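Visitor:
There are 4 protein chains.
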Amino acid sequence: MAPRKQRQILDATLELLAEKGYEGLTIEGVAGRSGVNKTTIYRWWPSKAALLGAALVGAEALEFDPPDTGSLAGDLRGLVEGVARLLTVSPSSDIAVAALGAAVHDPALAEAAKGFFADRFAREAPIFERARERGEIDASADPMLIVDLLAGAVWLRAVFRRLPLDQDFTDRAVALVLHGARPTG
Amino acid sequence: MAPRKQRQILDATLELLAEKGYEGLTIEGVAGRSGVNKTTIYRWWPSKAALLGAALVGAEALEFDPPDTGSLAGDLRGLVEGVARLLTVSPSSDIAVAALGAAVHDPALAEAAKGFFADRFAREAPIFERARERGEIDASADPMLIVDLLAGAVWLRAVFRRLPLDQDFTDRAVALVLHGARPTG
Amino acid sequence: MAPRKQRQILDATLELLAEKGYEGLTIEGVAGRSGVNKTTIYRWWPSKAALLGAALVGAEALEFDPPDTGSLAGDLRGLVEGVARLLTVSPSSDIAVAALGAAVHDPALAEAAKGFFADRFAREAPIFERARERGEIDASADPMLIVDLLAGAVWLRAVFRRLPLDQDFTDRAVALVLHGARPTG
Amino acid sequence: MAPRKQRQILDATLELLAEKGYEGLTIEGVAGRSGVNKTTIYRWWPSKAALLGAALVGAEALEFDPPDTGSLAGDLRGLVEGVARLLTVSPSSDIAVAALGAAVHDPALAEAAKGFFADRFAREAPIFERARERGEIDASADPMLIVDLLAGAVWLRAVFRRLPLDQDFTDRAVALVLHGARPTG
DNA sequence: CAATAATCGAGACGGTACGTCACGTCTTGCC
DNA sequence: GGCAAGACGTGACGTACCGTCTCGATTATTG
Numbered sequence: 001m002a003p004r005k006q007r008q009i010l011d012a013t014l015e016l017l018a019e020k021g022y023e024g025l026t027i028e029g030v031a032g033r034s035g036v037n038k039t040t041i042y043r044w045w046p047s048k049a050a051l052l053g054a055a056l057v058g059a060e061a062l063e064f065d066p067p068d069t070g071s072l073a074g075d076l077r078g079l080v081e082g083v084a085r086l087l088t089v090s091p092s093s094d095i096a097v098a099a100l101g102a103a104v105h106d107p108a109l110a111e112a113a114k115g116f117f118a119d120r121f122a123r124e125a126p127i128f129e130r131a132r133e134r135g136e137i138d139a140s141a142d143p144m145l146i147v148d149l150l151a152g153a154v155w156l157r158a159v160f161r162r163l164p165l166d167q168d169f170t171d172r173a174v175a176l177v178l179h180g181a182r183p184t185g
Numbered sequence: 001m002a003p004r005k006q007r008q009i010l011d012a013t014l015e016l017l018a019e020k021g022y023e024g025l026t027i028e029g030v031a032g033r034s035g036v037n038k039t040t041i042y043r044w045w046p047s048k049a050a051l052l053g054a055a056l057v058g059a060e061a062l063e064f065d066p067p068d069t070g071s072l073a074g075d076l077r078g079l080v081e082g083v084a085r086l087l088t089v090s091p092s093s094d095i096a097v098a099a100l101g102a103a104v105h106d107p108a109l110a111e112a113a114k115g116f117f118a119d120r121f122a123r124e125a126p127i128f129e130r131a132r133e134r135g136e137i138d139a140s141a142d143p144m145l146i147v148d149l150l151a152g153a154v155w156l157r158a159v160f161r162r163l164p165l166d167q168d169f170t171d172r173a174v175a176l177v178l179h180g181a182r183p184t185g
Numbered sequence: 001m002a003p004r005k006q007r008q009i010l011d012a013t014l015e016l017l018a019e020k021g022y023e024g025l026t027i028e029g030v031a032g033r034s035g036v037n038k039t040t041i042y043r044w045w046p047s048k049a050a051l052l053g054a055a056l057v058g059a060e061a062l063e064f065d066p067p068d069t070g071s072l073a074g075d076l077r078g079l080v081e082g083v084a085r086l087l088t089v090s091p092s093s094d095i096a097v098a099a100l101g102a103a104v105h106d107p108a109l110a111e112a113a114k115g116f117f118a119d120r121f122a123r124e125a126p127i128f129e130r131a132r133e134r135g136e137i138d139a140s141a142d143p144m145l146i147v148d149l150l151a152g153a154v155w156l157r158a159v160f161r162r163l164p165l166d167q168d169f170t171d172r173a174v175a176l177v178l179h180g181a182r183p184t185g
Numbered sequence: 001m002a003p004r005k006q007r008q009i010l011d012a013t014l015e016l017l018a019e020k021g022y023e024g025l026t027i028e029g030v031a032g033r034s035g036v037n038k039t040t041i042y043r044w045w046p047s048k049a050a051l052l053g054a055a056l057v058g059a060e061a062l063e064f065d066p067p068d069t070g071s072l073a074g075d076l077r078g079l080v081e082g083v084a085r086l087l088t089v090s091p092s093s094d095i096a097v098a099a100l101g102a103a104v105h106d107p108a109l110a111e112a113a114k115g116f117f118a119d120r121f122a123r124e125a126p127i128f129e130r131a132r133e134r135g136e137i138d139a140s141a142d143p144m145l146i147v148d149l150l151a152g153a154v155w156l157r158a159v160f161r162r163l164p165l166d167q168d169f170t171d172r173a174v175a176l177v178l179h180g181a182r183p184t185g
């Protein structure tokens, strides 16, 4: 009913992904690393993407604790720093960037990515509830838009522009978005 | 001095990328499609990534005309719509998304992506110069931050969240950023 | 534990060797002819030479029945004729000549050739034992020298000089060697 | 009317043959070694075999001085030793063995080999004329048979059996052949 | 001494085979 | 039921040489 060797297989999957990237991640490699026969992997996961998808569920590296600093500005800074860390500091960056990059090519991973972002947002939402209670934003503000603007910019800079993401970037980005989202009147 | 069959090869490369994605793009496939021998391709480009990098240079699908509507709001809406179109409408989306996704895995393509974004930004900069002359933003505004926030959010939604990018999204995103970047006082 | 397609592969190898010679013998050709995949061949034999070596073991064309005519002269004539046939009559000549020619270039085949000649000599030795018992040669005669002189001359004429090997040659060669090896006193 | 770079090309051909054997001898390699363009070689020799054939003509390593010791026995010993040296001592062995081995596979080289042996025999014939004058053999003796027996045995042992060719072998072989060829009565 | 050949270098190409890697499938038998 | 072991077909990889072609550049020689 359930693969006895699941743990070893999924662990090896993430290790190899972090070490060699998505293209270097092979079923045979996972089999070798985890000391399991190749056919065993195929019995449970139909493809590399499915295997990786399963491995990512519950990957500690992608764990995420939403900040709660007492102010929206602080929380948003925390968010940006968290995303920046996720995308630039090993080993989470190896896993996250490779997996998200692969999601572009593969429907199964795309679905996983969608779930990942949905789940994340559910955990980020309280930040905005608290902010609304504190009067830092008004009801019409769009929390998902705000996090997408910030996280998107971080992705773009970290992955595509390959620019360093320093304190200054965080401050400016959060300030701009915050300013744009502050309550009218 | 120069590959005689360059045009055919690079054209076939982009076609196959659009049709089958990055993983489905093979040198042998390009050779077959372009009516050229495999060795001829290897003579000029050392890898799939290098070949794709070369093909992307001057790819019409990635052409980009910065908007000039007379107002910063209009220009930014134009930008967002342009990026959204690039990432969601075939065939440019097939090419752009696959290529950017692959840039995550490959240094050569990462470099190409960096160049692509740098070049794009150079063409977007005049938008902000005009806005400054019109007094829509002040000197301290950071144009690259603005475009990264907007383009990043578009990428996130189009590629990772797989959400539709409608008129409403454009308006809200531009409004927020514009509001946050408007001149103080 | 053992290649399931061994028979088909080795058969095809000998066929192609006979048809196209050693240089025309290719792994891909053998794969095609035997209806087997190239990788399957490489799984079991590391090189063309090793494959051919394996194919030659037990090749019917190289089978050899030592003559037993009742006299040394007759047996030696039988030997010479046998070698001449081996080296001049299809298909054994195609196989034997090509394989021996290739042994010159390849250590693995050289080893196979060595074994072939050693094995042959073991089967020829009884001829000389019988001759000794009959008093046709004395104890000091060197059987291997005798067969090497005869077989060597056949090789030289058949392969290098491309001279016909007729009855007359056989008679003269055997007579000379026999005369030289006859018991003293 | 004649290739200007002939010397360099043919020299390089023999060098490479000696170094890497026949299979390792490539037109591109010869071009590289001799500092000549590949097309220049193809302009003058249609194939590797033709090139090698040309290179072998006048190869010093194959030079041959027929012995003249004053007795047939001595001359034959000289012959055997000469052939043994040719086939076992570098660099002549590298060239001769490789070339003769390749002659098995290629008509052009086979022709060259034929010429080589014919030429050699023409130079060996005087040995037997002198022997006849001295009364060491009678008119019916067949010189070519004698040299083929001896040279053939040397080839067999040196190349196929990989046996050492010592003084003893020479003595025994010559004695046997000589004894068999001595004048009757 | 220039005109005119012969000879060569260079660059680009299609083509065959190489030997390798990873894929995904199947069968058999152990635990 | 889960797994290991082994054999296999398949596609693509990146490489080495093959043999050919075109176009200029360089030599000789000869008129």
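Chains as they are written, first to last, in full-length UniProt numbering: chain A, 1 to 185; chain B, 1 to 185; chain C, 1 to 185; chain D, 1 to 185. We put the CB at the ideal spot given by N, CA and C, even for glycine. These figures come from a predicted structure and were not determined experimentally.
Measuring only between beta-carbons, confirm whether D/K20 sits less than 8 Å from chain C.
Guide: In the fourth sequence, residue 20 of chain D corresponds to position 20, counting from 1. No, D/K20 lies away from the interface with chain C (no Cβ there is under 8 Å from its Cβ).
Visitor: Taking 7 Å as the limit between beta carbons, can you name the residues of its chain near D/R132, skipping five residues before and five after?
Guide: Residue mapping note: residue 132 of chain D aligns to position 132 of the fourth sequence, counting from 1. Around D/R132: A139.
Visitor: What residue range is occupied by the uninterrupted alpha helix (DSSP H) comprising A/I137?
Guide: What you label residue 137 of chain A is simply residue 137 of the first sequence in a count that begins at 1. First-last for A/I137: undefined, no H or E at that position.
Visitor: Give the straight-line distance between the Cα atoms of C/A181 and C/G21, rounded to the nearest whole angstrom.
Guide: Residue mapping note: residue 181 of chain C aligns to position 181 of the third sequence, counting from 1. Residue mapping note: residue 21 of chain C aligns to position 21 of the third sequence, counting from 1. Rounded to the nearest angstrom, the two C-alpha atoms are 38 Å apart.
Visitor: For C/D75, which of C/I146, C/D106 and C/S90 has the nearest alpha-carbon?
Guide: On the third sequence, position 75 is the one that residue 75 of chain C refers to. Ranking C/I146, C/D106 and C/S90 by Cα distance to C/D75 puts C/I146 first.
Visitor: Of the residues that make up the region 145-161 of chain B, which ones have a beta carbon closer than 8 Å to any beta carbon in chain A?
Guide: Taking 8 Å as the Cβ-Cβ cut-off against chain A, the residues of the region 145-161 of chain B that qualify are L145, I146, D148, L149, L150, A151, G152, A153, V154, W155, L156, R157, V159, F160 and R161.
Visitor: For the alpha helix (DSSP H) that C/G180 lies in, which residues bound it at each end?
Guide: Along the third sequence, one-based indexing puts residue 180 of chain C at 180. That run of the alpha helix (DSSP H) goes Q167 to A181.
Visitor: Flag this pair as touching only if the region 49-66 of chain B and the region 8-17 of chain B have three or more C-beta atom pairs under 8 Å; answer yes or no.
Guide: Cβ pair count under 8 Å is three or more, so yes.
Visitor: Here's the rule: buried if 16 or more other CB atoms are within 10 angstroms of the residue's CB, otherwise exposed. What is C/R123?
Guide: Here residue 123 of chain C refers to the residue found at position 123 when the third sequence is read from its first residue. C/R123 comes out exposed.
Visitor: Given a cut-off of 8 Å on the beta-carbon distance, is the pair B/W155 and B/L87 in contact?
Guide: To locate residue 155 of chain B, count along the second sequence from 1; it is residue 155. To locate residue 87 of chain B, count along the second sequence from 1; it is residue 87. Their beta carbons are under 8 Å apart, which means B/W155 touches B/L87 by this criterion.
Visitor: Taking the alpha helix (DSSP H) that B/G58 falls in, what are its first and last residues?
Guide: Residue numbering aside, residue 58 of chain B sits at position 58 when the second sequence is read from its first letter. Segment: none, B/G58 is in no alpha helix (DSSP H) and carries neither H nor E.
Visitor: For A/V104, name the three-state secondary structure that DSSP assigns.
Guide: Locating residue 104 of chain A in the first sequence gives position 104, where the first residue counts as 1. In this structure, A/V104 counts as coil in the three-state DSSP scheme.
Visitor: Quick check: the region 166-178 of chain D against the region 151-170 of chain C, are there 3 or more CB pairs under 8 Å?
Guide: Touching, no.
Visitor: Do you know how far the Cα of D/G101 is from the Cα of D/P107?
Guide: Here residue 107 of chain D is taken as the residue at index 107 of the fourth sequence, counted from 1. Here residue 101 of chain D is taken as the residue at index 101 of the fourth sequence, counted from 1. Approximately 12 Å, taken between the alpha carbons.
Visitor: Within 10 angstroms of the Cβ of C/R77, are there 16 or more other Cβ atoms? Answer buried if so, exposed if not.
Guide: One-based indexing of the third sequence puts residue 77 of chain C at position 77. Label assigned to C/R77: buried.
Visitor: Does A/V30 get closer than 8 Å to chain B when you measure Cβ to Cβ?
Guide: As a first step, residue 30 of chain A is located in the first sequence; it is residue number 30 there, counting from the start. Not closer than 8 Å to any Cβ of chain B, the Cβ of A/V30 fails to qualify, so no.
Visitor: Can you list, in chain order, the residues of the region 125-142 of chain B whose Cβ is nearer than 7 Å to any Cβ on chain A?
Guide: Listed by position along the chain: D142.
Visitor: Indicate whether D/E144 and D/F116 have their beta-carbon atoms separated by less than 8 Å.
Guide: Residue numbering aside, residue 144 of chain D sits at position 144 when the fourth sequence is read from its first letter. Residue numbering aside, residue 116 of chain D sits at position 116 when the fourth sequence is read from its first letter. Before going on, a small fix: residue 144 of chain D reads as Met here, not Glu. Cβ distance not < 8 Å, so D/M144 and D/F116 don't count as in contact.
Visitor: Which residues in chain A have a C-beta closer than 9 Å to the C-beta of B/A103? List them in chain order.
Guide: Within the second sequence, numbered from 1, the residue matching residue 103 of chain B stands at position 103. Here the neighbours are G101, V159 and F160.
Visitor: Run down chain B in chain order and give the residues with a C-beta less than 9 Å from the C-beta of A/V177.
Guide: Taking the first residue of the first sequence as 1, we reach residue 177 of chain A at position 177. Near A/V177 (Cβ distances below 9 Å), the residues of chain B are L149, L176, V177 and G180.
Visitor: Using CA atoms only, rank isn't needed, just tell me which of A/K114, A/W45 and A/S93 is closest to B/V104.
Guide: Residue numbering aside, residue 104 of chain B sits at position 104 when the second sequence is read from its first letter. With distances taken between Cα atoms, B/V104 lies closest to A/S93.
Visitor: Can you confirm whether D/I55, when its beta carbon is compared against all beta carbons of chain C, has any partner nearer than 8 Å?
Guide: Position 55 of the fourth sequence, counting from 1, holds the residue named residue 55 of chain D. The identity of residue 55 of chain D in the sequence shown is Ala, whereas the question assumes Ile. False, the Cβ-Cβ gap to chain C never drops below 8 Å.
Visitor: Do you know whose CA, among D/E81, D/A73 and D/T39, lies nearest D/G28's CA?
Guide: Locating residue 28 of chain D in the fourth sequence gives position 28, counting from the first residue. The question names Gly, but residue 28 of chain D is Glu in the sequence shown. Residue D/T39 is the option with its Cα nearest to D/E28.
Visitor: Using a 10 Å radius around the Cβ and a threshold of 16 neighbouring Cβ atoms, would you call D/S34 buried or exposed?
Guide: Start at 1 with the first residue of the fourth sequence, and residue 34 of chain D comes out as number 34. Burial call: buried.
Visitor: Pick out whichever of B/T69, B/I127 and B/L79 has its Cα sitting closest to the Cα of B/A150.
Guide: As a first step, residue 150 of chain B must be located in the second sequence, where it is residue number 150. The amino acid occupying residue 150 of chain B in the given sequence is Leu; Ala does not appear at that position. Out of B/T69, B/I127 and B/L79, B/L79 has the C-alpha closest to the C-alpha of B/L150.
Visitor: Using Cβ-Cβ distances below 9 Å, what residues of the region 85-101 of chain C are close to chain D?
Guide: Of all residues in the region 85-101 of chain C, V97, A98, L100 and G101 have a Cβ within less than 9 Å of some Cβ in chain D.
Visitor: Name the two residues that bound the continuous alpha helix (DSSP H) containing A/L87.
Guide: Against the first sequence, residue 87 of chain A aligns to sequence position 87. L72 to T88 is the span of the alpha helix (DSSP H), which, as asked, contains A/L87.
Visitor: Can you tell which of D/R134, D/W44 and D/V174 has the C-alpha that lies nearest to the C-alpha of D/P3?
Guide: Numbered from its first residue, the fourth sequence carries residue 3 of chain D at position 3. Of the listed residues, the one whose Cα sits closest to D/P3 is D/W44.
Visitor: Could you tell me which of D/E136, D/A141, D/T170 and D/G135 sits nearest to D/G152, measuring between CA atoms?
Guide: Along the fourth sequence, one-based indexing puts residue 152 of chain D at 152. For the residues D/E136, D/A141, D/T170 and D/G135, the minimum Cα distance to D/G152 belongs to D/T170.
Visitor: Using a Cβ-Cβ cut-off of less than 9 Å, list which residues of the region 103-119 of chain C approach chain D; keep chain order.
Guide: Listed by position along the chain: A103, V104, H105, D106, A110, E111, A113, K114, F116, F117 and A118.
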